[in-house]
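Take a look at the structure set out below.
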Amino acid sequence: GVETHVIEFAPMLMAEQLDQMGGEQLRRKIESMGVRVHTSKNTQEIVQQGNEARKTMRFADGSELEVDFIVFSTGIRPRDKLATQCGLAVAQRGGIVINDTCQTSDPDIYAIGECASWNNRVYGLVAPGYKMAQVAVDHILGSENAFEGADLSAKLKLL
13 GVETHVIEFA
23 PMLMAEQLDQ
33 MGGEQLRRKI
43 ESMGVRVHTS
53 KNTQEIVQQG
63 NEARKTMRFA
73 DGSELEVDFI
83 VFSTGIRPRD
93 KLATQCGLAV
103 AQRGGIVIND
113 TCQTSDPDIY
123 AIGECASWNN
133 RVYGLVAPGY
143 KMAQVAVDHI
153 LGSENAFEGA
163 DLSAKLKLL
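In terms of our numbering, the sequence shown opens at residue 13 and continues consecutively.
And the structure:
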């Protein structure tokens, strides 16, 4: 088999989607599959050579990990560049600012899903996007329906 490591910047896996207990359970499950998990790791550079491997990853805490192969999974980042160029309000951590009816700072423009920031939160799950879509459509059709947040439970499938 291949020695496999997961390197995570956050203090726990899936920090935006899981609570502390869920993150710990996920870590235990992944480690039981033979995968080494490293949390709170900030990769500073990847050097093209290593003593026993092809590359060396260097972290902010001074530690290193020699690897032969790297796969990046960078998470969800709202794509709000067009909104910014159009003068729409964008949250400090990214995402087009929306109100409870999913309207942006221009009331004729709506935003939903992973590009939208509601109460300074960008949801990294599909279910809130569906809920936002329903609220936006209802509002356009004259309903008083409002987005009040979403169920953040996540369903994970591990091999």
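The beta-carbon is built from N, C-alpha and C at its ideal position, and this holds for glycine as well.
Alpha-carbon to alpha-carbon, residue j and residue i
| i | j | result |
| --- | --- | --- |
| residue 41 | residue 31 | 15 Å |
| residue 26 | residue 20 | 9 Å |
| residue 122 | residue 148 | 7 Å |
| residue 33 | residue 96 | 37 Å |
| residue 93 | residue 127 | 10 Å |
| residue 156 | residue 50 | 46 Å |
| residue 43 | residue 36 | 10 Å |
| residue 153 | residue 146 | 11 Å |
| residue 151 | residue 39 | 41 Å |
Proximity below 9 Å, CB of residue i to CB of residue j
| i | j | result |
| --- | --- | --- |
| residue 48 | residue 68 | no |
| residue 137 | residue 29 | yes |
| residue 72 | residue 54 | yes |
| residue 106 | residue 129 | yes |
| residue 134 | residue 88 | yes |
Host beta strand (DSSP E) of residue i (start-end)
| i | result |
| --- | --- |
| residue 72 | That residue, residue 72, is in no beta strand (DSSP E); it is neither H nor E in DSSP. |
| residue 40 | Per DSSP, residue 40 belongs to no beta strand (DSSP E); it is in the alpha helix (DSSP H), 32-44. |
Sheet register partners of residue i (DSSP bridge)
| i | result |
| --- | --- |
| residue 122 | 115 |
| residue 133 | 130 |
| residue 169 | Beta-bridge pairing links residue 169 to no other residue. |
| residue 67 | 79 |
| residue 16 | 47 |
Where the alpha helix (DSSP H) containing residue i begins and where it ends
| i | result |
| --- | --- |
| residue 56 | Run containing residue 56: none in the alpha helix (DSSP H); it sits in the beta strand (DSSP E), 55-59. |
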